[in-house]
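Asks:
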Amino acid sequence: MRSDIAIQADGVAKQYQLGRLGGSYDLLSERFGSLFRGRRNGQRRERFWALDDVSFEVARGETFGILGRNGAGKSTLLKVLSRVTPPTRGRVRIKGRVGALLEVGTGFNMELTGRENVFLNGAILGMRRSEIVRKFHDIVEFAEVERFIDTPVKRYSSGMYLRLAFSVAAHLEPEVLVVDEVLAVGDAAFQKKCLGKMGEVTREGRTVVFVSHNTGAIENLCQSALVLEHGRVVFRGGVKEAIRVYMTEVLSTVTATSLSDRTDRGGTGALRLTSFRVEDDAGNAAVGARTGETCTLVFDYECPDGQAQRNVTASFAIQTAAGAPLILHRTNFTNDDFELVPREGSFRCTIPRFPLVPGSYLLATSVEVRGELADHLTVAAQLDVEPGDFFGTGHTGVAGHSPFLVEGSWSVSDST
Amino acid sequence: MSTKLETSRGQLEPSAEARAQDVPEHHEQDIRPPGRFSGVGLREIWAYRELLYFLTKRELQIRYKQSYLGFAWAIVQPVALTFIFALFFGRLAGLSSEGIPYPVYALAGLVPWIFTSGAVSGATSSLVVDANLIGRVYFPRAVIPAAKMLALVIDLVVAFVFLIIFAFAYSVDLRWTALYIPLFVALNFAVVLGMGLYLSALNVRYRDVVVAIPLVLQLWLFVSPVVYSGALVTGWWRYVYALNPMSGVLTGFRWALFGTHFPGAGPLLVSAGTALLLLAGASLYFRRVENFFADVV
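Residue numbers (my numbering), protein chains in the order written: chain A, 1 to 416; chain B, 417 to 713.
Printed below as a string of structure tokens:
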């Protein structure tokens, strides 16, 4: 292993038995039962490779990103790197102390005070006691919870809790830092602080392995990256190229959310929607909408009888994941009804400054032809909204208090 | 895409020169599939002693948060049981207490027993309770059940001091053999740690264990000389009886304090042997399966 290499992974593979994942476990009766039913029962368990022949190296002082969709094996890889779980095959060599940040606040206990939790959590994350004593003041100050440090954390607001938990983690000083999707939690200000601290960490020359869905964060922080797909490395190299590969891969599946095979639909069928996708401002396919940025919802359609259709009204509705209505938009609201549509094509609705805050929403859609419902899907697709800068100020609103963001300007007038 | 993959893999093959520049071993972590035998891992537990300290402290802090009696509970439980046992077994059943007042006799058995049953049952569920820690951070997993035991050592000390006062109150004199107490306490620790490690690891896989543990402890109580005298067992049966290491711990403990029945060197060695075998076996088993706790728990 070269001296300028901090992490070297060779052919790492991890196998899980299906049915064992996610907290399932054996009951003795199962074991004894299989004795009677014969050996074959035991082999029926399906195995799958969460990681398969993963090799890469990370240079010392580098910030290395891991990209991949849910289930691609990112978390498993981080668990192997942080020694939480051993690989089934292969080998990883890491130079120096590894700090793993797979979750903010691991081991925090609600009954204990802030002070007690700082020491406990610090020890769990691998800090020496003397180190925690030395940094205690900084940790508490960074978290802005000085007044409540001797209060049980069960009395903390969720924001205070997260700030304290993150603050402990942020003061960890291992040679190699492994960070999971911790940026996904908390409000925007917290995320910013988190990113800032990560930037500091890398400027100090520490090696960081960083997993995120936030391609923006990856691009800002990482020099090189790895793209995982079904547990395999599909790309390894520069961060810009990695993001491109990742986006192409994501988009290939986004367009694959085809609507043509769906049978849970209503209407006469004079016109059928075949697929749905989102495009960004530049007309490129996107994973989802972005708060505050222009996006275009694109619905491809075809007319099964091969005829062009007249008097077409298209509409879509956006709901929360729980089904509460948020937005309804119809072509007739804006006098955009189509007088004549070709037998195959796409309806596009462009929304400037998309107003919904980040999250996952449900999209419903329907099309009427000459006043008659032609196609209708109550849940056509999932619409993901990613964080963006709606106000142009970097402030993204207060989570949980405003599902929509709207323009507005403030002023004060003098009535004395 | 596939050509890109091949080239990137080609670069990853370390050259002979690269190997020659290896940095010193102790700086490097080598993560590989676990082998079958990996030792007991005492050195690693030593390296994580501060975590053990904080986990033990956590147990103590949580146990007596918002509690009025606090550490007094360490005394309340054995004393309450002592008087119940004294009534039923001492008065009504008339069990022998070898010439010393039955309450003192029973308490001397209950103090180590309550520590043992509390620590074993606490340890058994400990890994599952801390599943979140196991899934997120690496550390030698044995510190979790060990912390459960250590937290109860404080209670044991409190209860032991009370036992001495209790004995004086009943004008029972202590013998010089009380100097042997640490030996029997050490044996008791070995039993608790052995059982705790084994059952906690087993419980990760089979949740039946935590359900069965109250029954097991109840049965264990009756095959151990807590409420009755170990002198009831005679002849060669003593050796069979000594296979339960707690029989050695409890009889020895009482003998050392009050000069009651001495079980004999042979049975004591059998108890010590079983305890150490249990501890060694449990440690090896624990080491072998602890790698996979995160996948199963």
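The C-beta atom is built at its ideal place from N, Cα and C for all residues, glycine as well.
Distance cutoff 8 Å, beta carbons only. Does residue 16 of chain A sit that close to anything in chain B?
Replies: So yes, residue 16 of chain A belongs to the interface.
Asks: If contact means a Cβ-Cβ distance below 7 Å, which residues of the region 109-130 of chain A contact chain B?
Replies: Residues 109, 111, 112, 116, 119, 120, 123, 124, 125, 128 and 129.
Asks: With a cut-off of 8 Å, does the C-beta of residue 93 of chain A fall near any C-beta of chain B?
Replies: Chain B, which has a Cβ nearer than 8 Å to the Cβ of residue 93 of chain A, makes this yes.
Asks: So residue 450 of chain B contacts chain A; which residues on that side make the cut at Cβ distance below 7 Å?
Replies: 86, listed in chain order.
Asks: Between which residues of its own chain and residue 266 of chain A is the CB-CB distance below 6 Å, once the five residues before and five after are set aside?
Replies: Excluding sequence neighbours, residue 266 of chain A sits near 376.
Asks: Rank B:574, B:541, B:513 and B:640 by C-alpha distance to the C-alpha of residue 558 of chain B and give the top, closest one.
Replies: Residue 558 of chain B has its Cα closest to that of B:541, out of B:574, B:541, B:513 and B:640.
Asks: Can you pull out the residues from the region 454-478 of chain B whose beta carbon lies closer than 7 Å to at least one beta carbon of chain A?
Replies: Correct list: 466, 467, 470, 474, 477 and 478.
Asks: Return helix, strand or coil for residue 366 of chain A, following the three-state DSSP convention.
Replies: Residue 366 of chain A: strand per DSSP, three-state reduction.
Asks: Counting C-beta neighbours from all protein chains within 10 Å, is the total for residue 307 of chain A 16 or more, i.e. buried, or is it exposed?
Replies: So residue 307 of chain A counts as exposed.
Asks: Short of 8 Å in beta carbon distance, which residues of its chain neighbour residue 321 of chain A, apart from the five on each side in sequence? Order them along the chain.
Replies: So the qualifying residues of the chain are 359, 360, 361 and 362.
Asks: Just checking: is the beta-carbon of residue 79 of chain A within a distance shorter than 8 Å of some beta-carbon in chain B?
Replies: Yes, contact with chain B.
Asks: Listing by chain order, which chain B residues have their CB less than 9 Å from the CB of residue 100 of chain A?
Replies: 552, 553 and 554, listed in chain order.
Asks: List in chain order: all unbroken alpha helix (DSSP H) runs of 4+ residues lying wholly within the region 135-178 of chain A.
Replies: The region 135-178 of chain A contains these whole alpha helix (DSSP H) runs: 158-170.
Asks: With 16 as the cutoff for other CB atoms within 10 Å, does residue 48 of chain A come out buried or exposed?
Replies: When all chains shown are included, residue 48 of chain A counts as exposed.
Asks: Any Cβ of chain B within less than 8 Å of the Cβ of residue 83 of chain A?
Replies: It does; some Cβ of chain B falls within 8 Å.
Asks: Among the candidates A:355, A:353, A:357 and A:367, whose CA atom is the shortest distance from the CA of residue 347 of chain A?
Replies: When only C-alpha atoms are compared, the closest one is A:367.
Asks: Going along the chain, which residues of the region 556-581 of chain B sit with their C-beta nearer than 7 Å to a C-beta in chain A?
Replies: Per Cβ criterion, the list is empty.
Asks: Using only the alpha-carbon positions, how far apart do residue 282 of chain A and residue 289 of chain A sit?
Replies: Distance between the alpha carbons of residue 282 of chain A and residue 289 of chain A is about 13 Å.
Asks: Would you mind sorting residue 130 of chain A into buried or exposed? The rule is 16 or more other CB atoms within 10 Å of its CB.
Replies: The residue in question, residue 130 of chain A, is exposed, as its Cβ has fewer than 16 Cβ neighbours within 10 Å.
Asks: Near residue 39 of chain A, what residues of its chain come up, given a Cβ to Cβ distance below 8 Å and the 5 sequence neighbours on each side ignored?
Replies: At residue 39 of chain A the pLDDT is 45, less than 50, meaning the model places this residue with poor confidence; the figure from the coordinates comes in the next sentence. Counting only Cβ-Cβ distances below 8 Å, and skipping sequence neighbours, we find nothing.
Asks: I want to verify the contact list: residues of chain A whose CB lies under 7 Å from the CB of residue 509 of chain B, in sequence order.
Replies: Result: empty, since nearest Cβ-Cβ is about 36 Å, beyond 7 Å.
Asks: I want to verify the contact list: residues of chain B whose CB lies under 9 Å from the CB of residue 204 of chain A, in sequence order.
Replies: Chain B residues near residue 204 of chain A: none, gap ~19 Å exceeds 9 Å.
Asks: Between residue 483 of chain B and the rest of its own chain, which residues show a CB-CB distance below 8 Å, the 5 nearest in sequence each way excluded?
Replies: Only 489 meet the Cβ criterion.
Asks: Is residue 447 of chain B near residue 91 of chain A, with beta carbons less than 8 Å apart?
Replies: For residue 447 of chain B and residue 91 of chain A, yes; Cβs fall inside 8 Å.
Asks: Would residue 302 of chain A pass as a contact of residue 339 of chain A if the rule is Cβ separation under 8 Å?
Replies: No, these two residues do not count as a Cβ contact at 8 Å.
Asks: Between the C-alpha atoms of residue 477 of chain B and residue 294 of chain A, what's the straight-line distance to the nearest angstrom?
Replies: Distance between the alpha carbons of residue 477 of chain B and residue 294 of chain A: 54 Å.
Asks: Within a Cβ cutoff of 6 Å, which residues of the same chain sit near residue 537 of chain B, ignoring the five residues on either side of it in sequence?
Replies: Counting only Cβ-Cβ distances below 6 Å, and skipping sequence neighbours, we find 629.
Asks: I want to know whether the region 466-473 of chain B touches the region 121-130 of chain A - three or more CB-CB distances under 8 Å.
Replies: The region 466-473 of chain B, when compared against the region 121-130 of chain A, does touch it at the 8 Å Cβ threshold.
Asks: With distances taken from CA atoms, which of A:151, A:261 and A:89 is nearest residue 51 of chain A?
Replies: Measuring from the Cα of residue 51 of chain A, the nearest candidate turns out to be A:89.
Asks: Does chain A have any CB closer than 8 Å to the CB of residue 549 of chain B?
Replies: Yes, because at least one Cβ of chain A sits closer than 8 Å to the Cβ of residue 549 of chain B.
Asks: Answer yes or no: do residue 326 of chain A and residue 356 of chain A have a C-beta to C-beta separation smaller than 8 Å?
Replies: Contact flag set, yes.
Asks: Between the region 56-71 of chain A and chain B, which residues of the former have CB atoms less than 9 Å from a CB of the latter, in chain order?
Replies: Correct list: 56 and 57.
Asks: Using beta-carbon positions only, say whether residue 291 of chain A and residue 396 of chain A come within less than 8 Å of one another.
Replies: Closer than 8 Å, so yes.
Asks: Tell me residue 237 of chain A's beta-bridge partners as DSSP assigns them.
Replies: Residue 237 of chain A pairs with A:225.
Asks: Output the residue ranges of the beta strand (DSSP E) runs that lie fully inside the region 241-325 of chain A and measure 3 residues or longer, sorted by chain position.
Replies: Counting only runs of 3 or more, we get 272-279, 295-302 and 309-320.
Asks: Which whole-angstrom value describes the C-beta separation of residue 101 of chain A and residue 177 of chain A, a residue pair presumed to lie in contact below a C-beta threshold of 8 Å?
Replies: Correct: roughly 7 Å between the Cβ atoms.
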